[in-house]
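K.L.:
Below you will find the structure I want to go over with you.
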Amino acid sequence: MFLDLASFPEEVAEKIRRYSESLGGISRVTSQMENAQMNHVQLMRSIELIGMQMSPLLND
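Those letters in the sequence shown? Residues 14 to 73, by this note's numbering.
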């Protein structure tokens, strides 16, 4: 199933929570980033933001 997660960290976390609730819980989220328009630094920054800003919102 595809879930569009392009948004602010709080909105992404909420989308994942709602998706998890609708399925009765999930244990992991796998993502794929479209990086055709990103250079290496931008891609690494995006990954860093996921880990530093979005992930902590889901670890409650």
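The beta-carbon is built from N, C-alpha and C at its ideal position, and this holds for glycine as well.
Can you tell which of ARG41, PHE21, ASP17 has the C-alpha that lies nearest to the C-alpha of LEU62?
P.N.:
Answer by Cα proximity: PHE21.
K.L.:
Quick check on DSSP: helix, strand or coil for SER44?
P.N.:
DSSP places SER44 in coil when its eight states are reduced to three.
K.L.:
Considering only their Cβ atoms, is the gap separating VAL25 from LEU18 smaller than 7 Å?
P.N.:
Cβ distance < 7 Å, so LEU18 and VAL25 count as in contact.
K.L.:
Can you tell me whether GLY38 is helix, strand or coil according to DSSP?
P.N.:
GLY38: coil per DSSP, three-state reduction.
K.L.:
Rounded to the nearest angstrom, what separates ASN48 and LEU56 at their Cα positions?
P.N.:
For ASN48 and LEU56, the distance between alpha carbons rounds to 7 Å.
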